[in-house]
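Only one structure is covered here, and it is reproduced in the block below.
Residue numbers (the numbering used here), protein chains in the order written: chain A, 156 to 317; chain B, 2 to 418; chain C, 12 to 184.
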């Protein structure tokens with residue numbers, strides 16, 4: 156039995172009441188579930204003897220520009236032992252978008268979450284050091300949100316005097 | 002480097018620096034701890050990295066890297082242009098190895114479209130990727146040597162790099178930012194002249210590399226400045242998300258070319274160099290060994306490369322050939338549609354990663370069935386590798402900071418995106 | 012500025028000294044390598060063995076602005092970086108020149124986005140705009156030669172009476 160077929164049954168066994176939405180597109184396995192479960196699911200996937208998803212490669216978000224479930228947080232995790240990559244997805248709402256931080260599970264998520272916060276304004280609860288990654292600290296907008304224009308808002312960033 | 006006053010540093014960065022209670026002041030350096038600013042304009046930070054150092058005497062107590070001085074908004078721009086238009090932008094991500102980035106991006110888009118380039122194109126891409134790895138590691142080794150004081154090696158590495166750039170010049174007409182790959186193939190066939198140049202280069206490269214290594218490996222200053230400096234254990238390296246030579250320097254045998262082979266790497270015979278020490282010297286050794294392995298791969302590719310097509314024949318998804326556009330009506334229409342509206346991919350999201358010289362470069366593309374991506378996330382290796390910097394330089398001296406940054410080999414173009 | 016003060020009046024001797032000073036200045040233009048991104052790598056290539064900027068007397072790349080004559084802004088300048096570039100420019104002693112290397116430095120180039128300054132002439136006086144993304148090293152050498160011409164043709168006394176921290180206005184262009 157391949158690792159790909161094992162993950163979902165194992166997850167379902169551990170979390171019987173949760174609805175796991177599984178998609179398989181071009182060989183990429185993606186599992187979508189409720190945002191409140193991200194830390195327990197992450198812990199389970201990391202510490203399970205067979206799965207061992209010990210490396211968090213990326214955290215990002217997608218802005219769907221819809222009223223309901225506006226953002227989806229995407230996690231890419233990798234199992235060095237099984238050489239397999241898994242994608243986790245959680246929806247969050249537009250009004251006060253927030254999700255539990257996975258830094259206690261995967262240390263490397265620290266900067267990825269900061270970047271996501273910088274670009275989308277999604278708060279990661281209990282993040283050790285949540286501040287802007289790229290833009291200046293006092294910047295007020297979130298550039299990768301769909302309503303933000305490509306060329307920025309005039310006057311939002313200052314230039315030195317000539 | 003300059004000494005800072007409290008007003009120069011944003012309060013939130015100060016908070017990150019002073020994670021515990023201290024009697025720190027910003028004025029009296031001799032008796033207390035002080036904060037020193039390094040970068041963004043500093044010769045050893047490889048671009049525009051800024052690191053704020055909290056010092057006790059000359060020992061680093063805490064360090065906070067500050068990024069974003071080269072944040073160019075790639076991900077936002079990608080949402081506003083078609084896949085074809087983004088290819089030149091990938092050159093400027095990791096600007097020391099442009100062909101490798103081109104290949105990575107085209108592989109990602111091809112995965113989304115569900116197409117595959119012809120065999121000859123794949124071989125050409127592999128040759129270009131490995132040449133890019135050679136240039137990248139040459140610059141990495143050279144600048145690391147320069148940072149710790151051995152300028153000669155830097156000049157020798159640049160000399161060798163120029164020879165590779167000469168071959169780029171003949172293959173695709175640009176010596177540096179190549180934009181060579183296309184979705185479904187490569188832009189132009191590799192001429193025989195270029196093959197001769199590449200073979201000549203490899204024939205003499207081994208000797209030159211030995212020469213440079215003799216200068217470094219037996220140099221006591223070089224070895225002592227790197228040995229035991231910036232040690233990271235294998236487990237910690239995985240936790241911090243290190244990839245590429247930095248991970249392999251910590252004893253973890255992980256190379257995406259082996260683990261999840263893409264293109265034709267599964268048919269190639271090459272070693273993945275692994276060193277267990279996890280210090281700066283080990284990371285340098287991994288790069289030096291990879292230079293030799295890349296040469297081996299290139300020679301195998303040149304031997305095995307068949308004649309044939311270099312672009313996939315799939316008019317609805319791949320740009321037609323220029324000669325056909327000028328003579329045939331249908332190709333002209335396809336060309337017009339692809340250039341103006343882009344190719345419509347299926348709805349879905351994919352993540353495709355390759356082993357770049359710096360580590361794992363991944364593209365996460367979300368498609369809504371339009372000619373441009375709905376979202377594109379670039380998972381850049383330098384960004385993730387830099388994350389470990391704060392932990393690595395803790396407890397070392399100021400002069401070790403440059404050695405550690407040099408051994409991590411970040412490129413700010415892709416770290417800041 | 013002592014030498015310039017002596018050269019205020021025209022005359023056979025002063026024009027000859029002027030030419031001498033101009034020659035000395037043009038053959039020892041020390042660049043301030045402001046290597047920000049891709050162009051910085053080509054700048055390294057210029058300093059390297061093949062193109063060898065030492066032929067033009069400019070191999071002395073100092074990373075402190077206080078010893079430099081010409082600033083090579085090599086790479087995309089973002090809004091966050093612009094303050095740093097300006098600060099370094101202000102620290103350079105007069106007279107000073109600026110080369111905007113590459114299109115994204117000159118005009119923003121391919122980066123039409125929220126974080127990139129659309130041309131450094133929004134906050135710096137630029138002497139040479141250099142085309143290419145990145146320009147080939149030969150092109151950078153050409154820019155250096157143009158700067159040298161400009162320096163040679165500027166009389167020493169024209170550098171006089173310049174208020175501190177104000178951009179230099181040079182004849183022509």
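Where is the CB? At the ideal position from N, CA and C, for every residue including glycine.
Pairwise C-alpha distance: residue j and residue i
i                      : j                      : result
residue 176 of chain A : residue 151 of chain B : 56 Å
residue 395 of chain B : residue 50 of chain C  : 32 Å
residue 136 of chain B : residue 224 of chain A : 45 Å
residue 252 of chain B : residue 78 of chain C  : 45 Å
residue 181 of chain A : residue 226 of chain A : 23 Å
residue 250 of chain A : residue 187 of chain A : 20 Å
residue 211 of chain B : residue 185 of chain B : 38 Å
residue 177 of chain C : residue 100 of chain C : Reliability fails at residue 177 of chain C, whose pLDDT of 49 lies under 50, so the model's placement of it is uncertain and no value is given.
residue 256 of chain A : residue 240 of chain A : 20 Å
residue 158 of chain C : residue 38 of chain C  : 11 Å
residue 292 of chain A : residue 70 of chain C  : 38 Å
residue 97 of chain B  : residue 162 of chain B : 10 Å
residue 343 of chain B : residue 377 of chain B : 16 Å
residue 281 of chain B : residue 359 of chain B : 15 Å
residue 85 of chain B  : residue 53 of chain B  : 39 Å
residue 274 of chain B : residue 128 of chain B : 19 Å
residue 152 of chain C : residue 68 of chain C  : 11 Å
residue 340 of chain B : residue 112 of chain B : 20 Å
residue 164 of chain B : residue 294 of chain A : 45 Å
Contact check, residue i vs residue j, beta carbons under 8 Å
i                      : j                      : result
residue 315 of chain B : residue 346 of chain B : no
residue 179 of chain B : residue 92 of chain B  : yes
residue 297 of chain A : residue 285 of chain A : no
residue 243 of chain B : residue 38 of chain B  : no
residue 285 of chain B : residue 156 of chain B : no
residue 319 of chain B : residue 217 of chain B : no
residue 189 of chain A : residue 173 of chain A : yes
residue 131 of chain C : residue 154 of chain C : no
residue 115 of chain B : residue 412 of chain B : no
residue 229 of chain A : residue 75 of chain B  : no
residue 245 of chain B : residue 276 of chain B : no
residue 92 of chain C  : residue 47 of chain C  : yes
residue 299 of chain A : residue 267 of chain A : no
residue 261 of chain B : residue 185 of chain A : no
residue 145 of chain C : residue 177 of chain B : yes
residue 415 of chain B : residue 381 of chain B : yes
Which listed residue (the options) has its alpha carbon closest to that of residue i
i                      : options                       : result
residue 85 of chain C  : C:113, C:39 and C:32          : C:113
residue 399 of chain B : B:11, B:378, B:36 and B:9     : B:36
residue 277 of chain A : A:210, A:218 and A:308        : A:218
residue 136 of chain C : C:37, C:81 and C:122          : C:81
residue 147 of chain B : B:412, B:409 and B:403        : B:403
residue 119 of chain C : B:73, B:88, B:89 and B:119    : B:73
residue 289 of chain A : B:43, B:236, B:14 and B:112   : B:14
residue 62 of chain C  : C:150, C:166, C:158 and C:159 : C:150
residue 389 of chain B : A:183, A:207 and A:265        : A:265
residue 178 of chain A : A:203, A:160, A:191 and A:194 : A:160
residue 235 of chain A : A:210, A:243 and A:222        : A:210
Buried/exposed call for residue i, threshold 16 Cβ in 10 Å
i                      : result
residue 327 of chain B : exposed
residue 418 of chain B : buried
residue 203 of chain B : buried
residue 108 of chain C : buried
residue 175 of chain C : Because residue 175 of chain C sits at a pLDDT of 46, beneath the cut-off of 50, its placement in the model cannot be relied upon, and the following sentence gives the value as read from the coordinates. Answer is exposed; the Cβ neighbour count stays below 16.
residue 127 of chain C : buried
residue 405 of chain B : buried
residue 255 of chain B : buried
residue 87 of chain B  : buried
residue 401 of chain B : buried
residue 219 of chain B : exposed
residue 34 of chain C  : exposed
Limits of the unbroken beta strand (DSSP E) element including residue i
i                      : result
residue 138 of chain B : Residue 138 of chain B -> not in any beta strand (DSSP E); alpha helix (DSSP H) instead, spanning 120-148.
residue 231 of chain A : 226-234
residue 60 of chain B  : 60-67
residue 93 of chain C  : Where residue 93 of chain C is concerned, there is no enclosing beta strand (DSSP E), although the alpha helix (DSSP H) it sits in stretches over 90-102.
Element boundaries [alpha helix (DSSP H), containing residue i]
i                      : result
residue 199 of chain A : 193-202
residue 149 of chain C : 148-163
residue 238 of chain A : Premise fails: residue 238 of chain A is in no alpha helix (DSSP H) and is neither H nor E.
Residue i CB to nearest heavy atom of the ligand SAH below 7 Å
i                      : result
residue 241 of chain B : For the ligand SAH, the structure offers nothing, since it holds no ligand at all.
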